[in-house]
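Chemist: Below is the structure I would like to discuss, written out as structure tokens.
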Amino acid sequence: MNPDNGKITIDAEGCKGCGLCVEACKPGLLSLSGRLNHNGYRVAEYAGQGCNGCGLCFYVCPEPGVLTVYKLVAEGAFA
Ligand code: SF4
Ligand code: SF4
Numbered sequence: 008m009n010p011d012n013g014k015i016t017i018d019a020e021g022c023k024g025c026g027l028c029v030e031a032c033k034p035g036l037l038s039l040s041g042r043l044n045h046n047g048y049r050v051a052e053y054a055g056q057g058c059n060g061c062g063l064c065f066y067v068c069p070e071p072g073v074l075t076v077y078k079l080v081a082e083g084a085f086a
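Under my numbering, the letters of the sequence shown match residues 8 to 86, in that order.
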């Protein structure tokens, strides 16, 4: 199986639950979970695999620093 070309992390406490990243992710890897953060927002959740590193979720997120995208630059290395 080929490795994913990317991966992401989401700062759950900074997420505002707007859902823009969910709409932006073409492979449908993001969703709003049932979990609420300390501000009472449903937080975005990554399915855990399948990310291609396109960065669209990062560009649409209005909250600076909440979404981080890592793109595979060489087998086994993320940058
Ligand atoms: S980087 Fe692209 S494929 Fe990966 S989670 Fe974000 S929108 Fe989806
Ligand atoms: S776009 Fe950002 S603030 Fe909105 S749901 Fe996604 S991670 Fe949360």
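Glycine included, each C-beta is placed from N, C-alpha and C at the ideal position.
These numbers come from a predicted model, not from an experiment.
So what does DSSP say about Y53, is it helix, strand or coil?
Modeler: By one-based count along the sequence shown, residue 53 stands at place 46. Y53 falls in the strand class under three-state DSSP.
Chemist: Just the Cα atoms here: how many angstroms apart are L74 and E30?
Modeler: One-based indexing of the sequence shown puts residue 74 at position 67. One-based indexing of the sequence shown puts residue 30 at position 23. Approximately 14 angstroms, taken between the alpha carbons.
Chemist: Tell me the DSSP secondary structure of A84 in three-state form.
Modeler: Indexing the sequence shown from 1 puts residue 84 at position 77. Strand.
Chemist: What does the Cβ neighbour count give for A51, buried or exposed, with the cut at 16 atoms within 10 Å?
Modeler: Position 44 of the sequence shown, counted from the start, is the residue given in the question as residue 51. Under this definition A51 is a buried residue.
Chemist: In the DSSP assignment, find the alpha helix (DSSP H) that holds L37 and state where it starts and stops.
Modeler: In the sequence shown, counting from the first residue as 1, residue 37 sits at position 30. That residue, L37, is in no alpha helix (DSSP H); its beta strand (DSSP E) goes 37 to 43.
Chemist: Using DSSP with H/G/I as helix, E/B as strand and the rest coil, what is V76?
Modeler: Taking the sequence shown and counting its residues from 1, the one referred to as residue 76 is at position 69. In the structure shown, V76 sits in a strand (DSSP, three-state: E or B).
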